[in-house]
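A.B. asks: Before anything else, here's the structure in question.
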Amino acid sequence: MLLLQRKTQFKILALLFFFLISACSRTHNFEKKIITHSEAQMTLLLSEIQNFYHRSPDSNEVSPRTLDADGNLVMVKSKDWTSGFFPGVLWLLYELTGKETWKNHARDFTKNLEQEKNNGSTHDMGFKIYCSFGNSYRLTGDTRSRKIVIESAYTLAKRFNPSVGCIRSWDHNRDKWSFPVIIDNMMNLELLFSATRLTGDPTFREIAVIHANTTMENHFREDFGTWHVVDYHPDTGQVIKKNTHQGYNHDSTWSRGEAWALYGFTLCYRETRDKRYLEQAENIASFILNHPNLPDDLVPYWDFDAPNIPDEPRDVSAASIMASAFYELSRYSKNGSLYKRTADSIMSSIINGYMSRKKEAKGFILKHSTGSAPSGSEVDVPLIYSDYYFLEALIRAMRLEKGDPVI
Numbered sequence: 012m013l014l015l016q017r018k019t020q021f022k023i024l025a026l027l028f029f030f031l032i033s034a035c036s037r038t039h040n041f042e043k044k045i046i047t048h049s050e051a052q053m054t055l056l057l058s059e060i061q062n063f064y065h066r067s068p069d070s071n072e073v074s075p076r077t078l079d080a081d082g083n084l085v086m087v088k089s090k091d092w093t094s095g096f097f098p099g100v101l102w103l104l105y106e107l108t109g110k111e112t113w114k115n116h117a118r119d120f121t122k123n124l125e126q127e128k129n130n131g132s133t134h135d136m137g138f139k140i141y142c143s144f145g146n147s148y149r150l151t152g153d154t155r156s157r158k159i160v161i162e163s164a165y166t167l168a169k170r171f172n173p174s175v176g177c178i179r180s181w182d183h184n185r186d187k188w189s190f191p192v193i194i195d196n197m198m199n200l201e202l203l204f205s206a207t208r209l210t211g212d213p214t215f216r217e218i219a220v221i222h223a224n225t226t227m228e229n230h231f232r233e234d235f236g237t238w239h240v241v242d243y244h245p246d247t248g249q250v251i252k253k254n255t256h257q258g259y260n261h262d263s264t265w266s267r268g269e270a271w272a273l274y275g276f277t278l279c280y281r282e283t284r285d286k287r288y289l290e291q292a293e294n295i296a297s298f299i300l301n302h303p304n305l306p307d308d309l310v311p312y313w314d315f316d317a318p319n320i321p322d323e324p325r326d327v328s329a330a331s332i333m334a335s336a337f338y339e340l341s342r343y344s345k346n347g348s349l350y351k352r353t354a355d356s357i358m359s360s361i362i363n364g365y366m367s368r369k370k371e372a373k374g375f376i377l378k379h380s381t382g383s384a385p386s387g388s389e390v391d392v393p394l395i396y397s398d399y400y401f402l403e404a405l406i407r408a409m410r411l412e413k414g415d416p417v418i
């Protein structure tokens, strides 16, 4: 009954999104309005960044991440896990518009991250490097970007532990974890798959596959909800404990973690055509779509099991990631029409209820994301990675409407 009701809701929202696109497709008004609004917002954000540097000329922060409680722009250093998303947003705007202005801005902010190619203290190389230099190479064929992608993959591969069968996530809190692996890490496998294509070296792909298999075995409950963190013994690979660091509690399902899982196993199927990954992605999708706490507008609360639903913050970043993943998954699955309608429905909800107004939010495109509710960090704020996956989802929607490959 719940799934039937959900399907009806999806159809209504998806029809709205389809109507907006289809009715305006003759003049491209709808797409143009979203793109033009995004351009205007990013132009404002670029201006805010310049104001930041004017106030702090010696700053070594390189990318915008969010707004603080007072509405001030928060900039981060290149080592921050989110540093690659703003260059990525600029690259996606270049892809959407073909304007040299966005390509030039993207190059300027991308080059600030090059030193991260040798930063072996983090698993977040995909977020930082693939969203920036990866998009640079994909869209321009820049040989230096290609080289940096490969060098970054070598750096990331050094964090792989064959006894565990995973790439280590955090190095911090060694008193709390021995060898932590977070579900977010699935997103960084795309960098490794790319490196095998670029070099012909199968080692990167093999590491990605082993990591995905280990994650599939240990990160999921019977209902395909996820634990955020699985801690392993580094010598034996034995699971020590499972918890949910950014979710409500250790038995809850953190919404963005579930979104990372959906996206990650979808991309693993794309790269390998291993049907186990497709089935895993479909099972994750089923968890999301059948969960009784999924709101009617399909923009999830920050945790599927948050205690005060419906009076809990939403996480638009999770919704953006899910929309992008559902668009891709729709191309591979027997449930493709459902997943396409779902992605359309999410996009309709975001566009109609969660976008910043013109000149609002210092230029961020979307509002109402949640970073880490348990620590009271970045709750109900704009987040740059929400904007990134929203634009990626928009590009995928436009490709599907044209009958083009989603990737």
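Residue numbers for the sequence shown follow the numbering used here, so the first one is 12 and each next one is one higher. Ideal placement from N, C-alpha and C gives every residue a C-beta, glycine not left out.
DSSP three-state call for T151: helix, strand or coil?
C.D. replies: Helix, per DSSP.
A.B. asks: The beta strand (DSSP E) spanning E389 covers which residue range?
C.D. replies: From DSSP, the beta strand (DSSP E) with E389 extends over 388-392.
A.B. asks: Count the CB pairs spanning the stretch 235-246 and the stretch 154-166 that are closer than 8 Å, and state whether there are at least three.
C.D. replies: Output reads no: the stretch 154-166 does not touch the stretch 235-246.
A.B. asks: Measuring alpha carbon to alpha carbon, tell me which of F190, K43, Y350 ends up nearest D246.
C.D. replies: Among F190, K43, Y350, the Cα nearest to that of D246 is on F190.
A.B. asks: Who are the near neighbours of N62 in its chain, counting only those whose CB is closer than 6 Å to its CB and skipping five residues on each side?
C.D. replies: So the list is empty, once near-sequence residues are dropped.
A.B. asks: Assuming M366 is part of the alpha helix (DSSP H), what are its boundary residues?
C.D. replies: No alpha helix (DSSP H) holds M366; DSSP gives it neither H nor E.
A.B. asks: Which runs of the alpha helix (DSSP H), 4 residues or longer, sit entirely within the stretch 198-257?
C.D. replies: Runs found: 200-210, 214-229.
A.B. asks: Output the distance between the C-alpha atoms of F171 and I194, rounded to the nearest integer angstrom.
C.D. replies: In a straight line, the C-alpha of F171 is about 15 Å away from that of I194.
A.B. asks: What three-state label does DSSP hand Y343 in the structure shown?
C.D. replies: Coil.
A.B. asks: Starting from S380, follow the beta strand (DSSP E) in both directions and report where the run begins and ends.
C.D. replies: That run of the beta strand (DSSP E) goes 380-383.
A.B. asks: Provide the residue span of the alpha helix (DSSP H) that contains T54, from first to last.
C.D. replies: Counting along the chain, the alpha helix (DSSP H) containing T54 begins and ends at 40-66.
A.B. asks: DSSP state of T8, grouped into three classes?
C.D. replies: Because the chain spans 12 through 418 in this model, residue 8 falls outside it and cannot be assessed.
A.B. asks: Confirm the yes/no value for this check: CB of T225, any heavy atom of the ligand NAD, distance under 7 Å.
C.D. replies: Of ligands this structure carries none, so the ligand NAD is not represented either.
A.B. asks: Note down the Cα distance separating S348 from D91, rounded to an integer number of angstroms.
C.D. replies: Cα to Cα, the separation comes out at about 37 Å.
A.B. asks: DSSP three-state label for R287, please.
C.D. replies: Here R287 sits in helix by DSSP.
A.B. asks: Going by C-alpha to C-alpha distance, which of K88, T108, N40 sits closest to I406?
C.D. replies: Measuring from the Cα of I406, the nearest candidate turns out to be T108.
A.B. asks: Distance check for S367 and C35, CA to CA, integer angstroms please.
C.D. replies: Because the pLDDT at C35 is just 46, under 50, the model does not fix this residue reliably, and the value given afterwards should be weighed accordingly. If you take the alpha carbons of C35 and S367, they lie about 22 Å apart.
A.B. asks: Given a cut-off of 8 Å, decide if G137 and E201 are closer than it, judged by their beta-carbon atoms.
C.D. replies: Yes, the Cβ-Cβ distance between E201 and G137 is below 8 Å.
A.B. asks: Looking only at C-alpha atoms, which of I140, R76, S359, N224 sits nearest to V87?
C.D. replies: Ranking the options by Cα distance to V87, first place goes to R76.
A.B. asks: Expressed to the nearest angstrom, what Euclidean distance is found between the alpha-carbon atoms of P306 and D316?
C.D. replies: If I take the Cα positions, the gap works out to 12 Å.
A.B. asks: Residues in its own chain within less than 6 Å of A164 by CB, not counting five upstream and five downstream?
C.D. replies: The residues are L202, L203, A206, F215.
A.B. asks: Looking at C-alpha atoms only, which residue of N260, H244, I295 is the closest neighbour of A270?
C.D. replies: Nearest C-alpha to A270: I295.
A.B. asks: Quick check on I332: does DSSP put it in helix, strand or coil?
C.D. replies: Three-state result, I332: helix.
A.B. asks: Looking only at its chain, what residues have a beta carbon closer than 6 Å to the beta carbon of T381, apart from the 5 residues adjacent to it on each side?
C.D. replies: Result list for T381: W313, P324, D326, V390, in chain order.
A.B. asks: Output the distance between the C-alpha atoms of I418 and T166, rounded to the nearest integer angstrom.
C.D. replies: Cα to Cα, I418 sits roughly 26 Å from T166.
A.B. asks: Between K351 and L289, how many whole angstroms is the CB-CB distance? I'm expecting something under 8 Å.
C.D. replies: At roughly 16 Å, the Cβ-Cβ gap does not stay under 8 Å, so K351 and L289 are not in contact.
A.B. asks: Under the assumption that A223 contacts C279 (Cβ atoms under 8 Å), give the Cβ distance between them as a whole number of angstroms.
C.D. replies: Contact flag correct, Cβ pair sits at about 5 Å.
A.B. asks: Pick out whichever of H261, I221, A219 has its Cα sitting closest to the Cα of H239.
C.D. replies: Comparing Cα-Cα distances from H239 to each of H261, I221, A219, the minimum goes to H261.
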